[in-house]
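What follows is a single structure, written as structure tokens, with notes after it.
There are 2 protein chains.
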Amino acid sequence: MPQPRKRATIREVAKATGLSPAAVSYALRGMQVSGETIERVRRAAAELGYEADPIARALASGRTGMIGLLCGSLEDLWQQALAVGIGRALKDNDRYALILDAAGDPARERTLAGQLRDQRVDALIVQPVDPASPFWASMCESLPVVAIGDALAGARTAGEVVFDNRTGVTLSLEHLGDRGHRRIAVLTPTRDSTPDRPADVHVLAEAERLGLDIEVVTAPQALADATEAADRALAAGHRAFFCFADSIAYGVYAAAAGRGLAIPGEVAVMGYDDHPMSGLLSPGLTTVDWDIDGIVRAAVRMVVGAVDGRPHRRRIVQSPHLRERGSVGSG
Amino acid sequence: MPQPRKRATIREVAKATGLSPAAVSYALRGMQVSGETIERVRRAAAELGYEADPIARALASGRTGMIGLLCGSLEDLWQQALAVGIGRALKDNDRYALILDAAGDPARERTLAGQLRDQRVDALIVQPVDPASPFWASMCESLPVVAIGDALAGARTAGEVVFDNRTGVTLSLEHLGDRGHRRIAVLTPTRDSTPDRPADVHVLAEAERLGLDIEVVTAPQALADATEAADRALAAGHRAFFCFADSIAYGVYAAAAGRGLAIPGEVAVMGYDDHPMSGLLSPGLTTVDWDIDGIVRAAVRMVVGAVDGRPHRRRIVQSPHLRERGSVGSG
DNA sequence: GCAGTTCGGTGAACCGTTTCAGTGAACCGC
DNA sequence: GCGGTTCACTGAAACGGTTCACCGAACTGC
């Protein structure tokens, strides 16, 4: 059990400069003190190796300078990329991200969001698993929340970067339909316990409109799990897949390879999200792309704006495009 | 600016139960109080919706129950997978991971490690960018540190999961040599500012031994950057690549495709790490694999053991195997 | 020359826990 | 019935900052 090295406290800096702790506190944050004093305090602090204790600061001020990032499921490569991107963008804004993983579980999502609040994060960015939960309304009461993906129902968010999933779904299903696929397995990460998301509901509506025969199958995004789910669907005779995440589509590639089935000759696959790896597969994965850099920038601008109390756009809708690469042949 | 909902404090619970705050504190942690009182306190706490404030708790006790995870570079897909894996494994041990990204920068690594200490994480897991820094010794004085990858020089770590990079490098270079490749571009994420890591040094020694003509090129792990670096190497006439991360090898695939060069016919590529996606490419990426689940389990066991003061293995060496998939033809 | 500001700074309360050093009562053996 | 433990609990001091209320001195306008 190593003992923590004793750090200098604000009182020691005060003693060294002959000022009160309060003055030191103000000086180091550049408030209400003369320039000459600030310089003196800076010097003394540097000499003593003093740096304000973030925990004590958080307790007293209620702020931390950190921003919570609550991801829906970090098994998903695209969401991993999003998290990394947001982390780096926040760093460029001199802020730190606290990244947590809801693992696709609505209950866990609520727990973690509450913990981030208790940790005094200045704001929260969330890619909600369960956007319909009334919990979000109370969350938005206590700190600025920026939602990515789906808007939070009935909550006063500080901003939202909404994906136009209706268009995304329509593009995907139409593409499959145009290529002659009528019986389609829809692989979605949504857990049974999650209330139907707008996107999922829209899948049913569009399938009806286009006269498609679909079966919705739950598939986790981790490659091994997705492969297993895809393999079961292949065993059940499915040959056309609409995957609600590129990560899941990768599982279809793996499962098809395992059964010696060729893509796109014998199996058709559509992804959703456009992860960088999707362009590297053979054939490339046909998918629907979101502008991930744009999403990152928008979310970070919103959250930083909200924290600093600056005006900012509260709502941006991301439109998808079909990225055709060859994984959907004619059926 | 939303106002934080007022939460119940320990004093209110004390008042409600007619006990002192100290008694409540003890009761909720099941220490030194009668079972009947514990039950009474529990009930009152539940009724008031009381939960101990983690920040105040951290300030008073110096502990948080969180474990810091400092990654070398989260641009790397394999490291992303490792981070996610560790996060989930810690969750299974009822602990939370605080994930930070050093972005390949030794200075940033030191800064972030210090911040995690200041945040009172109970322990730190680090995949060091700069394992030779004397900084780690002082870090290990103030909290348990578990190192993944390279051992920390001159530091009393709580544990280390060391990769046998010597063997990994030897396997890789021998494989390339056996297939008749003599002139090899080594793509490594190591920044110029980083002191040479043992693995990098070993590359030079082994190249010498095997009579290979190598050129070391710095390449970031982000796909776009790796592709660019690989493209420059291709332009310089390189046709055989040893990439020090699968993520970098993906860049070679992309660059080769961009120039219409076939793998393995015209370009040979070796990866390092074995990310799940590597098996999905065509041809599959020949690489050196580490048992990522084993690494996760070992690191988590070590860190949890160190925090709980239980005895645990302090050092595990991971041995690599060659995972031949077809991306290295005969040159 | 006097009320009214502004400036630079102080003292003390406060944030919400944990923990150390007691303390009174019950219980023990003898 | 007496010293010695144990038990269940209390009071107050940390932990290391921030912030509020206030204060004297130096300006300001008139």
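Residue numbers (my numbering), protein chains in the order written: chain A, 6 to 336; chain B, 6 to 336.
Virtual Cβ for every residue (Gly too), placed ideally from N, Cα, C.
Since this is a predicted model, take the numbers as computed values, not measurements.
Roughly how many whole angstroms lie between the Cα atoms of residue i and residue j?
i, j, result
"R214/B", "L176/B", "13 Å"
"S252/A", "L228/B", "16 Å"
"L219/B", "E80/A", "According to the sequence shown, residue 219/B is Ile rather than Leu. I219/B and E80/A: Cα-Cα distance of roughly 37 Å."
"I321/A", "D169/B", "48 Å"
"P7/A", "S147/B", "Residue confidence is low: P7/A scores 43 on pLDDT, short of 50, so the model does not pin down where it sits. No coordinate-derived value is stated."
"I334/A", "G92/B", "It should be pointed out that residue 334/A corresponds to Gly in this sequence rather than to Ile. When rounded, the distance between both Cα atoms is 39 Å."
"A160/B", "P149/B", "11 Å"
"G270/A", "G331/A", "10 Å"
"R184/B", "V274/B", "11 Å"
"P9/A", "G109/A", "With a pLDDT of only 44 at P9/A, under the threshold of 50, the placement of this residue in the model should not be trusted; the figure read from the coordinates follows. Spanning the two alpha carbons is a distance of roughly 37 Å."
"R171/B", "T162/B", "22 Å"
"P59/B", "V174/A", "42 Å"
"E329/B", "S283/B", "11 Å"
"K11/A", "I104/A", "29 Å"
"D97/B", "G23/A", "51 Å"
"I268/A", "W141/A", "42 Å"
"L75/B", "I297/B", "17 Å"
"A303/A", "V131/A", "13 Å"
"T42/B", "A57/B", "18 Å"
"R188/B", "I300/A", "42 Å"
"P139/B", "A245/B", "37 Å"
"T223/A", "E114/B", "39 Å"
"D106/A", "G77/A", "6 Å"
"G336/B", "H180/B", "12 Å"
"V257/A", "G242/A", "13 Å"
"G40/B", "D155/A", "47 Å"
"V206/A", "L217/A", "15 Å"
Can residue i and residue j be called in contact, C-beta distance under 7 Å?
i, j, result
"P26/A", "A32/A", "no"
"A260/A", "T232/A", "yes"
"L64/B", "A65/A", "no"
"A341/A", "D278/A", "Since the first and last residues shown for chain A are 6 and 336, residue 341/A lies out of range."
"A137/A", "A118/A", "no"
"R68/A", "G164/A", "no"
"A311/A", "A128/A", "yes"
"V126/A", "P111/A", "no"
"A49/B", "A21/B", "yes"
"V191/A", "V308/A", "no"
"C248/B", "A254/B", "yes"
"Q226/B", "P194/B", "yes"
"L53/A", "H280/A", "no"
At a CB-CB cut-off below 9 Å, which residues of chain A make contact with residue i?
i, result
"S283/B", "What S283/B touches in chain A: nothing, since even the nearest Cβ is about 10 Å away."
"R45/B", "Those within 9 Å of R45/B in chain A number zero; the least Cβ separation is about 24 Å."
List the residues of chain B whose Cβ lies closer than 9 Å to the Cβ of residue i, in chain order.
i, result
"R328/A", "Here the premise fails: no neighbours, minimum Cβ distance about 15 Å."
"A63/A", "I60, A63 and L64"
"Y255/A", "P281, M282 and L285"
For residue i, return the contacting residues in chain B, with the cut-off set at a CB-CB distance below 8 Å.
i, result
"V89/A", "L79, E80, Q85 and D106"
"Q124/A", "P59 and I60"
"R93/A", "D106 and A108"
Report the neighbours of residue i on chain A: residues whose CB is nearer than 8 Å to its CB, in chain order.
i, result
"L121/B", "Neighbours of L121/B on chain A: none; closest Cβ ~10 Å, over 8 Å."
"L266/B", "Those within 8 Å of L266/B in chain A number zero; the least Cβ separation is about 14 Å."
Over the uninterrupted alpha helix (DSSP H) stretch that includes residue i, give me the two end residues.
i, result
"D278/A", "Segment: none, D278/A is in no alpha helix (DSSP H) and carries neither H nor E."
"H180/B", "N170 to D183"
"E329/A", "Unbroken run through E329/A: none, as it is neither H nor E."
"T223/B", "Note, T223/B: premise wrong, no alpha helix (DSSP H); beta strand (DSSP E) at D218 to T223."
"R16/A", "I15 to T22"
"A254/B", "D251 to G263"
What does residue i reach in chain A if we use C-beta pairs closer than 7 Å?
i, result
"G159/B", "Residues of chain A passing the Cβ test: none, with the nearest at roughly 15 Å."
"S287/B", "S287"
"L103/B", "L103"
Taking residue i as the query, report the chain B residues whose CB atoms sit under 7 Å from its CB, ordered along the chain.
i, result
"Y258/A", "L285"
"L228/A", "P281"
What is the residue span of the beta strand (DSSP E) that residue i lies within?
i, result
"V191/B", "R188 to T193"
"A227/B", "Neither: A227/B is in no beta strand (DSSP E) and is coded neither H nor E."
"A212/B", "Careful: A212/B lies outside any beta strand (DSSP E), inside the alpha helix (DSSP H) at P203 to L215."
"A245/A", "A245 to C248"
Entirely within the stretch 89 to 161 of chain A and at least 4 residues each: give me those alpha helix (DSSP H) ranges in chain order.
-> 111 to 123 and 140 to 147
What residue ranges within the stretch 43 to 94 of chain A form continuous alpha helix (DSSP H) runs of no fewer than 4 residues, ordered along the chain?
-> 59 to 66
Quick one: which unbroken alpha helix (DSSP H) runs of 4-plus residues sit fully inside the stretch 269 to 325 of chain A? Chain order, please.
-> With a minimum length of 4 residues, the continuous alpha helix (DSSP H) runs that stay inside the stretch 269 to 325 of chain A are 297 to 313.
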